[in-house]
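What follows is a single structure, written as structure tokens, with notes after it.
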Amino acid sequence: MSVKKNLLDYDLPTLKEIVIAAGFPQYRATQLINWIHQKFCLEIDQMSNLDKRFKSWLKEHFEIRFLNKCYRYDSVDGTKKWIFNTLQGNIETVYIPHDGRGTLCVSSQVGCALACQFCATGAQGFTRNLSCSEIISQLWLVISELKTDQIHRPVSNVVFMGMGEPLMNEKHVFKAVNLMLEDHAYGLSKYKVTVSTVGIVPAMYRLYDLTGASIAVSLHAPNQQLRDEIVPINRKYPLKDLIQACHDYVNQSKRSITFEYTMIRGKNDSLKAASELTQLLKGLNCKINLIPCNPISGGVYTSTDSAHIKTFQNYLKSKGYCVTIRQTRGDDIAAACGQLAQTATLTGKQIASHPGN
Numbered sequence: 000m001s002v003k004k005n006l007l008d009y010d011l012p013t014l015k016e017i018v019i020a021a022g023f024p025q026y027r028a029t030q031l032i033n034w035i036h037q038k039f040c041l042e043i044d045q046m047s048n049l050d051k052r053f054k055s056w057l058k059e060h061f062e063i064r065f066l067n068k069c070y071r072y073d074s075v076d077g078t079k080k081w082i083f084n085t086l087q088g089n090i091e092t093v094y095i096p097h098d099g100r101g102t103l104c105v106s107s108q109v110g111c112a113l114a115c116q117f118c119a120t121g122a123q124g125f126t127r128n129l130s131c132s133e134i135i136s137q138l139w140l141v142i143s144e145l146k147t148d149q150i151h152r153p154v155s156n157v158v159f160m161g162m163g164e165p166l167m168n169e170k171h172v173f174k175a176v177n178l179m180l181e182d183h184a185y186g187l188s189k190y191k192v193t194v195s196t197v198g199i200v201p202a203m204y205r206l207y208d209l210t211g212a213s214i215a216v217s218l219h220a221p222n223q224q225l226r227d228e229i230v231p232i233n234r235k236y237p238l239k240d241l242i243q244a245c246h247d248y249v250n251q252s253k254r255s256i257t258f259e260y261t262m263i264r265g266k267n268d269s270l271k272a273a274s275e276l277t278q279l280l281k282g283l284n285c286k287i288n289l290i291p292c293n294p295i296s297g298g299v300y301t302s303t304d305s306a307h308i309k310t311f312q313n314y315l316k317s318k319g320y321c322v323t324i325r326q327t328r329g330d331d332i333a334a335a336c337g338q339l340a341q342t343a344t345l346t347g348k349q350i351a352s353h354p355g356n
């Protein structure tokens with residue numbers, strides 16, 4: 000007996016092709032997407048505007064399968080982290096409330112192959128890519144759970160800044176992004192869905208062409224030599240090519256681009272580094288987000304102190320750059336930037352598997 004296909008693996012264009020090929024009108028795909036992703040209905044028989052023949056075909060060939068939720072951790076600052084189990088290992092998803100909006104940080108891989116020197120996920124190594132259904136499960140399940148907590152519009156922004164490098168899983172990430180942006184599904188703005196990359200240059204061009212989503216770049220160093228050390232993939236995609244791709248993105252999208260810069264004590268935090276950074280980004284419409292280096296188990300790097308980060312910020316501002324300092328959120332539950340995959344010492348609330356599993 001063949002395994003039924005998972006409806007969460009399809010964006011609207013793909014589902015329309017399947018529905019038409021089966022002899023049904025394409026609007027049935029739109030209705031189905033709406034039921035699953037906007038009305039959060041899982042029972043095909045309860046989808047009242049679908050006819051019996053279409054429902055029968057759906058039940059014969061498809062089902063809805065979610066990730067298995069294992070644990071949820073609640074931070075004192077309101078941040079929440081979920082642990083989801085796959086057969087090949089766990090992934091993590093973080094919800095960050097702030098000033099009337101909610102940002103969901105989703106994972107795109109089990110582990111990560113890129114081995115950035117300050118990142119717990121990179122130290123874990125790479126296992127596999129997540130499917131579209133596994134990525135979109137994170138959004139669906141978190142929204143569903145937060146609704147029961149009576150949080151109004153719980154997710155307004157999605158960032159691909161969880162475990163993994165999204166642009167090394169572009170096939171599934173792009174489908175998930177398109178579902179997030181789809182008006183008949185989650186209806187998020189292209190300005191509110193951001194894919195963060197360390198700089199997989201060819202895929203950066205495809206991301207904007209195929210989805211229109213926003214791009215953020217994990218930069219972390221102002222020159223080729225230092226970035227080679229901190230972000231090893233830089234040896235494959237040199238800094239000059241990455242910066243050119245950023246210029247092209249800004250020119251094509253007419254948006255600014257965000258650069259994430261982890262502040263590492265004694266490594267990339269000098270005023271000389273700040274000066275190099277201003278030259279590197281000269282003429283580029285961008286925002287710079289300075290991130291205190293969060294501690295990881297076995298890590299050798301520590302964070303620049305807050306006063307020095309402020310000095311670094313002020314120097315960049317004096318040169319005309321828009322610069323923010325990321326507030327550390329969820330560090331008590333290992334949910335802060337760079338800490339995902341560190342759960343061994345936490346005490347979390349075990350939660351039942353979703354009934355869709």
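Numbering that gives the first Met the number 0 numbers the first residue of the sequence shown as 0 and each following residue consecutively. We put the beta carbon where it would ideally sit given N, CA and C, even for glycine. Since the model is a prediction, treat every value here as computed from it, not as a measurement.
Give me the Cα-Cα distance between residue i and residue j, rounded to the nearest whole angstrom.
{"i": "S1", "j": "K191", "result": "38 angstroms"}
{"i": "T303", "j": "F83", "result": "32 angstroms"}
{"i": "Y72", "j": "N5", "result": "28 angstroms"}
{"i": "L206", "j": "L315", "result": "29 angstroms"}
{"i": "A28", "j": "L86", "result": "30 angstroms"}
{"i": "S269", "j": "T323", "result": "17 angstroms"}
{"i": "Y320", "j": "A212", "result": "23 angstroms"}
{"i": "M46", "j": "Q37", "result": "12 angstroms"}
{"i": "Y236", "j": "I150", "result": "42 angstroms"}
{"i": "K15", "j": "S252", "result": "28 angstroms"}
{"i": "L225", "j": "F311", "result": "18 angstroms"}
{"i": "F125", "j": "C111", "result": "4 angstroms"}
{"i": "D8", "j": "I43", "result": "16 angstroms"}
{"i": "N250", "j": "K318", "result": "21 angstroms"}
{"i": "G88", "j": "K174", "result": "22 angstroms"}
{"i": "K271", "j": "I232", "result": "24 angstroms"}
{"i": "T13", "j": "L276", "result": "42 angstroms"}
{"i": "S55", "j": "S155", "result": "35 angstroms"}
{"i": "Y70", "j": "K281", "result": "45 angstroms"}
{"i": "I242", "j": "R254", "result": "15 angstroms"}
{"i": "F61", "j": "S143", "result": "22 angstroms"}
{"i": "G361", "j": "E59", "result": "Beyond the ends of the chain as shown, which are 0 and 356, falls residue 361; an answer cannot be given."}
{"i": "K3", "j": "I17", "result": "14 angstroms"}
{"i": "P201", "j": "K51", "result": "45 angstroms"}
{"i": "L113", "j": "Y26", "result": "42 angstroms"}
{"i": "I90", "j": "L66", "result": "10 angstroms"}
{"i": "R325", "j": "D182", "result": "31 angstroms"}
Answer with buried or exposed for residue i, where buried requires no fewer than 16 other C-beta atoms within 10 angstroms of its C-beta.
{"i": "I19", "result": "exposed"}
{"i": "L145", "result": "buried"}
{"i": "A306", "result": "exposed"}
{"i": "F39", "result": "exposed"}
{"i": "Q108", "result": "buried"}
{"i": "K239", "result": "exposed"}
{"i": "D148", "result": "exposed"}
{"i": "E228", "result": "exposed"}
{"i": "E133", "result": "buried"}
{"i": "V75", "result": "exposed"}
{"i": "K68", "result": "buried"}
{"i": "A273", "result": "buried"}
{"i": "Y94", "result": "buried"}
{"i": "A244", "result": "buried"}
{"i": "N48", "result": "exposed"}
{"i": "A184", "result": "buried"}
{"i": "K266", "result": "buried"}
At a Cβ threshold of 8 angstroms, is residue i touching chain B?
{"i": "Q137", "result": "Absent from the structure: chain B. Only one protein chain is present."}
Ordered along the chain, which non-local residues of its own chain (more than five positions away) have a Cβ less than 8 angstroms from that of residue i?
{"i": "T92", "result": "K80, W81, F83, L103, C104, V105, S106, Q137, V141, G161"}
{"i": "R234", "result": "D227"}
{"i": "Q30", "result": "M46, N48, L49"}
{"i": "K189", "result": "L180, T210, G211, A212, S213"}
Since residue i and residue j should fall inside the 8 angstroms C-beta cutoff, what is the C-beta to C-beta distance between them, to a whole number of angstroms?
{"i": "H246", "j": "L209", "result": "With a Cβ gap of about 20 angstroms, H246 and L209 do not count as contacting."}
{"i": "R57", "j": "I32", "result": "A small fix is needed here, since residue 57 is Leu in this sequence, not Arg. Actually they do not touch by this definition, with Cβ atoms about 12 angstroms apart."}
{"i": "N128", "j": "H171", "result": "6 angstroms"}
{"i": "G101", "j": "P153", "result": "5 angstroms"}
{"i": "C115", "j": "V230", "result": "5 angstroms"}
{"i": "L187", "j": "V157", "result": "6 angstroms"}
Note down, in chain order, each residue of its chain lying with its Cβ closer than 6 angstroms to the Cβ of residue i, except the 5 sequence neighbours on either side.
{"i": "I263", "result": "C292, Y300"}
{"i": "F23", "result": "F53"}
{"i": "R396", "result": "No answer is possible for residue 396: it lies beyond the span of the chain, which begins at 0 and ends at 356."}
{"i": "W34", "result": "C40, M46"}
{"i": "I135", "result": "L7, A175, L178"}
Enumerate in chain order the residues of its own chain whose CB-to-CB distance from residue i is below 7 angstroms, with the five nearest sequence positions on each side excluded.
{"i": "Y248", "result": "M203, Y207, I214, I256"}
{"i": "P96", "result": "G77"}
{"i": "A21", "result": "W56"}
- Any 3 or more C-beta pairs closer than 8 angstroms across the region 218-226 and the region 173-183: no
- Query: Counting Cβ pairs, one atom from each stretch, are 3 or more of them under 8 angstroms apart for the region 197-208 and the region 155-174?
  - Reply: yes
- Pair every Cβ in the region 248-260 with every Cβ in the region 282-292, then say whether three or more of these pairs are closer than 8 angstroms. yes
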